[in-house]
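Chains P and D, in that order, give the protein sequences. The first sequence runs 1 to 431 under the numbering used here. The second sequence runs 1 to 431 under the numbering used here. Where is the CB? At the ideal position from N, CA and C, for every residue including glycine.
2 protein chains.
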Amino acid sequence: MIVKPFNEMTKEELEEVLADQRAKLDAWGEQNLTLNLTRGKPSQAQLDLSSDMLGVISDRGDCFSETGLDCRNYGILDGLPEAKRLFSELLGIPEDMIMILGNSSLNAMYDAIVRCMLFGVAGGREPWFRQGRIKFLCPTPGYDRHFTICKTLDIEMIPIRMTPEGPDMDAVYDHACSDPSVKGIWCVPKFSNPEGITYSDRVVEQFAALKPAAPDFRIFWDNAYSVHELYDEEVRLADIFELAKKYGTEDNIFYFASTSKITFPGSGLAIMAASERNLDQIRPILSTQTIGYDKINQMRHVKYFGNADGIRKHMKSLAGMLRPKFEMVEDTLDRHLSGYDIARWTNPKGGYFISLYVEKGCARRVYQLARSVGVALTPAGATYPYGRDPDDSNIRIAPTFPEVAELKTISKILCNCIKIAAAEKYLKNFN
Amino acid sequence: MIVKPFNEMTKEELEEVLADQRAKLDAWGEQNLTLNLTRGKPSQAQLDLSSDMLGVISDRGDCFSETGLDCRNYGILDGLPEAKRLFSELLGIPEDMIMILGNSSLNAMYDAIVRCMLFGVAGGREPWFRQGRIKFLCPTPGYDRHFTICKTLDIEMIPIRMTPEGPDMDAVYDHACSDPSVKGIWCVPKFSNPEGITYSDRVVEQFAALKPAAPDFRIFWDNAYSVHELYDEEVRLADIFELAKKYGTEDNIFYFASTSKITFPGSGLAIMAASERNLDQIRPILSTQTIGYDKINQMRHVKYFGNADGIRKHMKSLAGMLRPKFEMVEDTLDRHLSGYDIARWTNPKGGYFISLYVEKGCARRVYQLARSVGVALTPAGATYPYGRDPDDSNIRIAPTFPEVAELKTISKILCNCIKIAAAEKYLKNFN
C-alpha cells in the first residue's frame, strides 16, 4: 500500500486505500470477535499482584491500631493514624490534612460537591444551591465521571482546552477570576485522564496563585495516578499545597487520591486532603453522614504495604505488567498509521490511558466501524462535557485490561477503521 | 433504709435518704472510677465471635461471584446477587428490591435524604431544597443520629410520642396527612432505639395505609435490629412492604438495615430496600456517586454466613452474651429502686438499649452526679430532637459494651444518683 499523507493522495489512491482497508475489516468481521478497549480497569494479573493482601488480616490480633483502638468496632471518623501516615509519606501531604474516606475517591468527590451544594464551603457565604446556576471548568478531554457529576447536579460545564503542560491557564484565569458563578475546576494533574499529561510546575503554580472571583471556588485536584508511572523515571508533579502556602490559597484546594488502581477497585481506600479550615468545616457534616469508614480495610492496606516504599515497589511491579500493553498499542498505531497524517496519539509515561486523535469528524465513524466487527471503543465524545467533542476527533484507549495479544488485534483493527474513516472523508472532497 | 414512694416521705425521711445516698456516692467517688454506659457498640467478645470471618477471603479464588464476576475489580453498582439473596432471605424482602450499599446504614440514610434534598423522589414534583422549610416526624425518644441528620440539613423536627406499640399514629396521621411540608418520618420499627419497642401489627399497617399530604413523603424504616433478639422467642415485626402492596403505597417506604451489630461496625454491610419505581429513580444518581461498593467484603459476609440461618444462629450466640448484661442492669435497678416510685425503665426483648425514665426534671442532674464519680451516661436529652427532653426525664442505657461486673457497679451508682436527684427534688417541696 502506498504511504503518504491522505491529503496528498489522488482520488484513485484514496479509493484503493479504502477498498484495501474495507477488505481487511471484512476479514476481521468474519472472525466474530468480542474485544473491549473501553475499560480503565486493572487486569486480573494486576489484581493477583495484590492478592496476598487479602489474607493479611486473618484474626483479632491483626485488628488493633497502634493507639490500641479495635478496628473491628466503632470509633475514628476519618481514618486510622497509621493509614494517614501511609498516605502522608506517599503523597507528601501532612498527616493532619488527610482524611481516609471509604472505598472510592469518586464517591469522596461526589460527597464533597454535594456538601458544597447543601452547606457551602469554609469562607463562602451561601450553599451553592442557593446561588442560582453555577459553573465548573472542565479541562478537555477529561474524565467522563467528573463531567457526569456536574451534569447530574445541573452544574454548567465550561470546557477548557488541554495543552501539553496542563489546562490552558489563560482560559482558566479568564473564567475563574471574572465570573463568581464559576465555583470549581476538575483537575487530574498527573497522567491526566485521558491525555496522560502531567501539569508543569508553571501550571501548578498558576493554580496555587489563582485568586478566583468566587469566595467559594474550589480546585478539585484528583490525583488519581499519583504513583502510576509506567517507566522507571519518576514524573514529578509540583506540590500544590506547598505552593499554595506561598500565596495563602490553601483553602482553595480539595485534594483526592485512592488505591483503586494500586490494590483493588472498590475494595481500596480513598483519601481527601484539605486545609485545616476546610476540614474544620467538613468534619461536623461528615460526622452526621457516618460514624466512620472501614478501618479493618485501612489496617489491611497498612499491614500489607508497611510504608510508602512498599507501595512504590508494588507500583514498579504493576508498571512491568502495563508497559508492554501501552507499547503494543503505541507500536501498532505507529507501524500502521505513520506517514498518512490522519491520526496522532499520546505516549504517556504513566496513568491508564492513551488519547487518540483521528481526523476531525471521524471519531464517531471509527467507533461505529470498530463496533461493526466486535471491537468496543469508548464512545466518541465521552471525554467531553455533555459527551460533545466539538471536533469529533478524540478516542480514549484503555489498554490495561486486555491481554497483549488482544491489544495487538484491537490496535490493528483500530488502524483499519481510522484509515477507512479518513479515506471516506477525503474522498468527499472529490465529489 | 426506709422503702416507700418518695412522694409519701416526710422531710426528715428524705433528708435521711439524701444523706445516706450522698455518703454512698462519695464512697464511689473515692475509687477514681472511669466507667462508660454511653456506647451502643458491641463488646470485644461479641466482635471475637465474628473474627473467623476475617480469614474467609484469603486468596484470589475466594473472590469470584457465582456470576463469574471478579469481586476484586470494578463492576456491579448495588451489590452481588448472592449478597442480595442473603439479605432477601434474612429480611423477607424480594432480591430485586435490595441494594447493598457500603459499610454504614447511617451513611445510606444520609445519602437517601441528601438525594431527596437535591433531586426529589420518584413521583415528587421538586427537590426538597426548593420547597422552603421542610419537616420530619421524629418518634421520641429516638435515635440521636437520625435527629442530627435533620438538624444538619435544617429540617424541622416534630416530636411524636412513642406508645408501647409504636409511634402515636394519631399524631403521625394528623401531621403527615394535613401538612405537605412534612416529608418523612424516622422509624426504628423493631427493638426501637432506645425504647426497645417493636411496632405492633396495627401500627405497621397504619404506616402502610398512610396517604400523606406530600406526594414526596417517605417513611425511613430503619430496621437496625431486625434479628437482634435477646431471648429465644422471636419478636415478629409485620412486613411493611407486603402490607403496603395492599394499599398501593410501596413507594412511600425507604427500608434500611445493616450488619453493624451482626458482624463489625464500620466493616459490615448496609442495605437499602425500596420499590422498583424508587430504585429506578435512585440508581442513576447512585451511579454518578460511585462505581460500586466493596464487593470483597460482600463476598466475605456471604461466605462466612452461607445463608440467613447462618446469621440467625450467629445472633443466638450474640444474644447469649448480651442477655446477662441487660439482666444485670434491670435486676440492679429493680433491687435498688423498687418501691420508691422514682423511676421506670424498659425490659427490652432485643436491640441495644434500655430506656430509663427518672423523675421529671431530674435526668440532667442524674447525668451530672454520675459524671462527678467517673460514670459517663448518654447526655440527658440526647434521645430527643434538638437535645430537648421536655420532661428532662429520659436516660438511654447502653449495656452491650461494658463487662457484667462493670455494669453492676455502674447500675448501683446510677441508682444512687437517681435517689439523690429525686430526694433533692422532693425536698424542694418543703421549702
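Count the C-beta pairs between the stretch 321–331 of chain P and the stretch 226–244 of chain P that are closer than 8 Å, then say yes if the count reaches three, no if not.
Short answer: they touch.
Taking the straight line between their C-alpha atoms, what separation do you get for Ser260(P) and Ala270(P)?
The alpha-carbon atoms of Ser260(P) and Ala270(P) are separated by roughly 8 Å.
Let me check one thing: in DSSP terms, what residues is Tyr225(D) bridge-paired to?
Partner(s): none; Tyr225(D) has no beta bridge.
Just by C-beta distance, which residues in the stretch 9–43 of chain D are closer than 7 Å to chain P?
Going along the stretch 9–43 of chain D in chain order, one finds Lys41, Pro42 with a Cβ nearer than 7 Å to chain P.
Any C-beta of chain P sitting closer than 7 Å to the C-beta of Leu279(D)?
No, no contact with chain P.
Could you check whether the Cβ of Lys295(P) sits closer than 7 Å to any Cβ belonging to chain D?
It does: the Cβ of Lys295(P) has a partner Cβ on chain D nearer than 7 Å.
Report the partner residues of Asn394(D) according to the DSSP bridge assignment.
Its beta-bridge partners are Tyr357(D).
Output the distance between the C-alpha atoms of Gln31(P) and Asp341(P), rounded to the nearest integer angstrom.
For Gln31(P) and Asp341(P), the distance between alpha carbons rounds to 29 Å.
Classify Glu195(D): buried if its beta carbon has 16 or more other beta carbons within 10 angstroms, exposed otherwise.
Result: buried.
Closer than 7 Å by C-beta to Ile410(P): which residues in its own chain qualify, once you throw out the five before and the five after it? Chain order, please.
Around Ile410(P): Leu35, Leu37, Val375, Pro402.
Note down the Cα distance separating Asp168(P) from Thr140(P), rounded to an integer number of angstroms.
Each residue's alpha carbon lies about 10 Å from the other.
Helix or strand or just coil, what does DSSP make of Cys187(D)?
DSSP places Cys187(D) in strand when its eight states are reduced to three.
Quick one: does Gly374(P) have its CB under 7 Å from some CB of chain D?
Answer no: the Cβ-Cβ gap between Gly374(P) and chain D never drops below 7 Å.
Taking 7 Å as the limit between beta carbons, can you name the residues of its chain near Asp391(D), skipping five residues before and five after?
For Asp391(D), where only same-chain residues beyond five positions count, the Cβ hits under 7 Å are Lys360.
Check each candidate in Val204(D), Ala343(D), Arg277(D), Ala363(D) and name the one with the smallest Cα separation from Gly381(D).
Gly381(D) has its Cα closest to that of Ala363(D), out of Val204(D), Ala343(D), Arg277(D), Ala363(D).
Can you look up Val235(D) in the DSSP assignment and give me helix, strand or coil?
Reduced to three states, the DSSP call for Val235(D) is coil.
Using CA coordinates, which residue listed in Ala214(P), Met157(P), Glu82(P) is at the minimum distance from Asn307(P)?
For the residues Ala214(P), Met157(P), Glu82(P), the minimum Cα distance to Asn307(P) belongs to Glu82(P).
Identify each residue in the stretch 216–246 of chain P for which the Cβ-Cβ distance to at least one residue of chain D is less than 9 Å, and report them in chain order.
Within the stretch 216–246 of chain P, no residue has a Cβ that lies closer than 9 Å to any Cβ of chain D.
Taking the C-alpha atoms as reference points, what is the distance between Gly351(P) and Gly292(D)?
Roughly 21 Å between the two C-alpha positions.
If we define contact as Cβ-Cβ less than 7 Å, is Pro402(P) a contact residue for chain D?
Pro402(P) does not count as touching chain D.
My output table needs one value for Tyr74(D): the three-state DSSP class, helix, strand or coil.
Tyr74(D) falls in the coil class under three-state DSSP.
Tell me the residue span of the alpha helix (DSSP H) that contains Glu16(P).
That run of the alpha helix (DSSP H) goes 11–29.
Assign Gly29(P) to one of two classes, buried (16 or more other C-beta atoms within 10 Å of its C-beta) or exposed (fewer than that).
Exposed, since its Cβ has fewer than 16 Cβ neighbours within 10 Å.
Measuring only between beta-carbons, confirm whether Pro379(D) sits less than 7 Å from chain P.
Cβ-Cβ to chain P under 7 Å: no for Pro379(D).
For Ile149(D) and chain P, any beta-carbon pair shorter than 7 Å?
Yes, Ile149(D) counts as interfacial toward chain P.
Can we say the stretch 272–287 of chain D touches the stretch 249–265 of chain P, given the rule of at least three CB pairs closer than 8 Å?
Because the criterion of three Cβ pairs below 8 Å is not met, the stretch 272–287 of chain D and the stretch 249–265 of chain P do not touch.
Just to confirm before moving on: does the CB-CB distance between Cys116(P) and Trp128(P) stay below 7 Å?
Going by C-beta atoms, Cys116(P) is nearer than 7 Å to Trp128(P).
Lys256(P) bridges to which residues according to DSSP?
The displayed chain sequence assigns Phe, not Lys, to residue 256(P). DSSP output for Phe256(P) lists Asp222(P), Met272(P) as bridge partner(s).
How would you write the range of the beta strand (DSSP E) that Arg344(P) sits in, first residue to last?
Unbroken beta strand (DSSP E) run through Arg344(P): 343–345.
Cβ of Phe136(D) less than 7 Å from any chain P Cβ?
Not an interface residue.
What's the C-alpha gap between Phe64(D) and Tyr110(P)?
Distance between the alpha carbons of Phe64(D) and Tyr110(P): 29 Å.
Over what stretch of residues does the beta strand (DSSP E) that includes Pro139(D) continue unbroken?
Where Pro139(D) is concerned, the enclosing beta strand (DSSP E) stretches over 135–140.
Quick check on Gly320(D): does DSSP put it in helix, strand or coil?
Three-state DSSP puts Gly320(D) in a helix.
Are the C-beta of Val121(D) and some C-beta of chain P separated by less than 7 Å?
For Val121(D), the answer is no, since every Cβ of chain P falls outside 7 Å of its Cβ.
Among Tyr74(D), Arg300(D), Lys349(D), Leu118(D), whose alpha-carbon lies nearest the alpha-carbon of Leu54(P)?
Per the Cα distances, Arg300(D).
Report, in whole angstroms, the separation of the C-beta atoms of Ile296(P) and Ile262(P), which I expect to be a contact under 8 Å.
18 Å between Cβ atoms; not a contact.
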